[in-house]
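The listed protein sequences derive, respectively, from chains A and B.
Using this note's numbering, the first residue of the first sequence is number 225, and each one after it goes up by one.
Using this note's numbering, the first residue of the second sequence is number 145, and each one after it goes up by one.
Glycine included, each C-beta is placed from N, C-alpha and C at the ideal position.
Note sheet for the following structure.
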Amino acid sequence: DAKTTQPNSMESNEEEPVHLPCNHSTISGTDYIHWYRQLPSQGPEYVIHGLTSNVNNRMASLAIAEDRKSSTLILHRATLRDAAVYYCILHGVNNNAGNMLTFGGGTRLMVKP
Amino acid sequence: DSGVTQTPKHLITATGQRVTLRCSPRSGDLSVYWYQQSLDQGLQFLIQYYNGEERAKGNILERFSAQQFPDLHSELNLSSLELGDSALYFCASSLGTYRQETQYFGPGTRLLVL
Numbered sequence: 225d226a227k228t229t230q231p232n233s234m235e236s237n238e239e240e241p242v243h244l245p246c247n248h249s250t251i252s253g254t255d256y257i258h259w260y261r262q263l264p265s266q267g268p269e270y271v272i273h274g275l276t277s278n279v280n281n282r283m284a285s286l287a288i289a290e291d292r293k294s295s296t297l298i299l300h301r302a303t304l305r306d307a308a309v310y311y312c313i314l315h316g317v318n319n320n321a322g323n324m325l326t327f328g329g330g331t332r333l334m335v336k337p
Numbered sequence: 145d146s147g148v149t150q151t152p153k154h155l156i157t158a159t160g161q162r163v164t165l166r167c168s169p170r171s172g173d174l175s176v177y178w179y180q181q182s183l184d185q186g187l188q189f190l191i192q193y194y195n196g197e198e199r200a201k202g203n204i205l206e207r208f209s210a211q212q213f214p215d216l217h218s219e220l221n222l223s224s225l226e227l228g229d230s231a232l233y234f235c236a237s238s239l240g241t242y243r244q245e246t247q248y249f250g251p252g253t254r255l256l257v258l
């Protein structure tokens with residue numbers, strides 16, 4: 225899978241929007257962009273994914289650049305419960321036929337009351 | 145609650161010992177994945193099973209093995225344990241093998257090797 229680059233950490237105020245960036249300049253045309261997050265002492269949980277178009281769900285929005293070399297996860301109103309490590313993952317075709325996730329370091333989001 | 149269950153939640157054992165971690169996937173999911181999370185290596189994929197067959201292998205040591213049973217639950221066996229095997233072990237499941245599928249993670253098993 226192609227590599228992603230995310231800031232190590234970000235800070236946000238409660239009830240304000242948060243934009244979490246991810247660069248993936250070597251993305252291939254068939255790579256899906258997935259976001260997962262890991263709350264403290266829990267397993268990772270799915271947030272959102274997309275291929276080319278922007279996506280919205282009840283948790284967040286995903287904005288994908290036109291050239292697909294970057295994407296942004298948008299939390300519309302951060303809550304204290306959103307404090308977590310957010311992982312941007314490219315999910316492409318694997319030679320070994322598996323569809324495992326390859327996690328990088330992620331962005332640790334801190335939310336201030 | 146993801147629907148994926150893992151037992152036990154915590155395990156403390158000694159070097160050289162063998163342990164078995166158990167995972168029950170979400171109802172209807174055929175794929176099971178095992179991941180290891182340590183402080184220095186982050187989250188790493190170990191192995192994937194699909195409908196009872198091994199599908200893909202990652203950075204899994206030869207001392208580790210896994211299997212998926214006919215009822216689709218999976219077990220990860222860790223033997224000849226070393227201090228460095230202390231980590232969180234997560235199981236995840238998904239419907240099948242497509243890249244756009246969501247993976248649902250269990251709460252993890254925290255292994256401490258003394």
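Residue pairing for G274(A): DSSP places it in a beta bridge opposite I257(A).
For G329(A), the chain B residues whose Cβ falls inside 8 Å of its Cβ are G186, in order along the chain.
Residues of the same chain with a CB within less than 6 Å of the CB of L165(B), apart from the 5 flanking positions on each side, are L220, Y233 and T253 in chain order. By the criterion of at least three beta-carbon pairs nearer than 8 Å, the stretch 148–164 of chain B is not in contact with the stretch 292–300 of chain A.
Against F249(B), the close residues of chain A are G267, P268 and E269, in the order they occur along the chain (beta-carbon pairs closer than 7 Å).
Between L286(A) and the set Y310(A), S249(A) and Q266(A), the nearest pair of CA atoms involves Y310(A). Counting along the chain, the unbroken beta strand (DSSP E) around M334(A) starts and ends at T331 to K336. Fully contained in the stretch 298–324 of chain A are the following beta strand (DSSP E) runs of length 3 or more, in chain order: 308–315. If you draw a 10 Å sphere on the C-beta of G240(B), you find fewer than 16 other C-beta atoms in it, and that means exposed. With fewer than 16 other CB atoms across the displayed protein chains lying within 10 angstroms of its CB, M334(A) is exposed. Scanning its chain for C-beta atoms nearer than 8 Å, with the 5 sequence neighbours on each side dropped, one finds around Q181(B) the residues L187, Q188, A231, L232, Y233, F234 and G252, in chain order.
Chain order gives the chain A residues near S146(B) as G267 and E269, where near means a beta carbon separation below 8 Å. Residue-level contact check: H300(A) does not touch chain B, since none of the beta carbons of chain B fall below 7 Å from its beta carbon. If you check the CB distance, M234(A) and Y177(B) do not come in under 7 Å. When the Cα atoms are used, K227(A) and Q161(B) turn out to be separated by approximately 37 Å.
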